[in-house]
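K.L.:
Numbering (our numbering), first residue to last: 24 to 136.
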Amino acid sequence: MSETLSKPVVLSDSAVRRISSILSKSEGSPSLRISVEGGGCSGFSYKYDLTSDREEDDLVIEKDGARVVVDPVSLVYLEGSVVDFVDDLMGQSFQIRNPNAVASCGCGTSFSV
24 MSETLSKPVV
34 LSDSAVRRIS
44 SILSKSEGSP
54 SLRISVEGGG
64 CSGFSYKYDL
74 TSDREEDDLV
84 IEKDGARVVV
94 DPVSLVYLEG
104 SVVDFVDDLM
114 GQSFQIRNPN
124 AVASCGCGTS
134 FSV
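1. Between Asn123 and Ser58, what straight-line distance do the alpha-carbon atoms span, to the nearest angstrom?
2. Hey, how far is the Cα of Ser33 from the Cα of Asp94?
3. Which residues bound the beta strand (DSSP E) around Leu55?
4. Could you pull out every residue in the same chain whose Cβ sits closer than 6 Å to the Cβ of Arg77, ignoring the five residues on either side in sequence?
5. As an exercise, report each continuous alpha helix (DSSP H) stretch of at least 4 residues that is fully enclosed by the stretch 65 to 127, in chain order.
6. DSSP three-state label for Val39, please.
Quick look at the structure:
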């Protein structure tokens with residue numbers, strides 16, 4: 024992880040509960056990998072994967088049974104973000120409040136910087 028990283032990714036309590044629940048039902052010792060990819064209607068999109076793989080330079084966030092990993096390239100776009108889990112009339116989903124995004128799509132899964 025970069026020494027200059029000032030604001031890492033934060034998990035809301037709701038996200039911690041949901042991630043812990045998902046990981047507790049999975050075999051082995053998985054993590055939720057959050058990454059940023061090119062594409063989507065706004066230029067970049069968030070991607071979520073369950074994985075047991077970790078790279079040496081991944082940011083690892085662990086809290087109350089929740090384990091999230093973020094690669095260094097994605098971290099550049101996610102720095103200072105809050106990962107939340109929302110359960111409302113529109114459905115259930117992880118949402119990222121990203122201070123680096125200058126625009127996002129209506130569904131909240133893609134953004135531009």
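All residues carry an ideal CB built from backbone N, CA and C; glycine is no exception.
P.N.:
According to the structure shown:
1. 15 Å
2. Ser is not the amino acid found at residue 33; the sequence shown has Val there. If I take the Cα positions, the gap works out to 15 Å.
3. Ser54 to Gly61
4. The answer, listed in chain order, is Val92.
5. 95 to 101
6. helix
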